[in-house]
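Residue numbers (the working numbering): 3 to 233.
Think of the CB as a built atom: it goes at the ideal place given N, C-alpha and C, for glycine as much as any other residue.
Note that this is a predicted model, so its numbers are computed, not measured.
Presented below is the structure to which this report refers.
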């Protein structure tokens with residue numbers, strides 16, 4: 003859906019969801035078939051590579067896992083079922099769960115079914131849609147953006163999936179770097195998500211005001227808090 007909106011436009015697409023739903027479904031079906039055909043072609047050309055080590059194939063953290071590739075992997079020909087997959091419909095942040103399911107998840111399920119493990123989401127708040135995401139095949143990680151309700155997200159996710167939290171990066175781009183502000187936010191969310199499998203991901207940082215030491219400071223804070231809450 004995010005790709006479709008680049009062509010159709012946000013406002014017009016949202017009107018189409020109400021006024022021309024059948025046409026939207028027709029477009030999404032055609033796009034889905036195209037994406038699935040692309041996967042078929044890449045497999046046939048042996049153009050895929052494993053992404054289960056020091057790689058970042060999604061909006062979340064690194065993709066280390068010993069559950070991929072699939073047990074029948076021949077060591078040469080990588081298939082989508084040997085890989086992590088990812089889907090997201092960021093533009094549906096304020097679209098109802100029912101419409102998100104009808105116009106996005108219904109098609110994303112078919113794409114994600116091709117992969118051995120999957121991640122879902124990016125910057126959209128998903129805490130009210132976890133019950134729908136549970137129906138996605140081979141789901142392992144759910145993006146939890148700065149705009150979520152951490153307590154509700156934690157209650158819905160539990161330890162069933164990775165709670166991939168993206169703290170607000172704005173603190174690093176402020177005129178004055180105040181690391182205590184970044185720590186306060188991370189600590190608050192870690193308190194609210196105790197018992198979950200949480201990862202902290204610094205993402206969508208557009209400026210650190212030329213002071214790259216801020217990123218190192220952030221990493222040290224995140225590392226210290228992760229060790230503290232894992233104890």
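(message) On the DSSP letters alone, give me the boundaries of the alpha helix (DSSP H) that residue 185 sits inside.
(response) 181-194
(message) Please identify the residue among 160, 19, 206 and 181 whose C-alpha is closest to the C-alpha of residue 220.
(response) 181
(request) Could you round the C-beta distance between residue 169 and residue 188 to whole angstroms and report it? I think they count as a contact, below 8 Å. (result) 5 Å
(request) Would you mind working out which of 216, 46 and 35 sits nearest residue 112, comparing C-alpha positions? (result) 35
(request) Could you say which of 25, 37 and 152 lies nearest to residue 198 if we only look at CA atoms? (result) 152
(request) Have a look at 52, 24 and 98 and flag the residue whose alpha-carbon is nearest the alpha-carbon of residue 67. (result) 52
(request) Report the rounded CA-to-CA distance for residue 7 versus residue 30, giving the unit in angstroms. (result) 11 Å
(request) Buried or exposed for residue 12, please, with buried defined as at least 16 other CB atoms from any protein chain shown within 10 angstroms of its CB. (result) exposed
(message) Check for me: the beta strand (DSSP E) holding residue 146 runs from which residue to which?
(response) 141-146
(request) Flag this pair as touching only if the segment 99-112 and the segment 128-139 have three or more C-beta atom pairs under 8 Å; answer yes or no. (result) yes
(message) Is the separation between the beta-carbon of residue 141 and that of residue 69 shorter than 8 Å?
(response) no
(request) Go ahead and pull the three-state DSSP assignment for residue 87. (result) strand
(message) Can you give me the C-alpha to C-alpha distance between residue 82 and residue 178, rounded to a whole angstrom?
(response) 45 Å
(message) According to DSSP, simplified to helix, strand and coil, what is residue 207?
(response) coil
(request) Kindly indicate which three-state DSSP category residue 164 falls into: helix, strand or coil? (result) strand
(request) Give me the Cα-Cα distance between residue 77 and residue 71, rounded to the nearest whole angstrom. (result) 9 Å
(request) Determine, using beta carbons only, whether residue 66 comes closer than 8 Å to chain B. (result) In the structure shown, chain B cannot be found, because there is only a single protein chain.
(request) Out of 225, 227, 173 and 191, state which residue places its alpha-carbon closest to the alpha-carbon of residue 206. (result) 173
(request) State buried or exposed for residue 184, treating a residue as buried only when at least 16 other CB atoms are found within 10 Å of its CB. (result) buried
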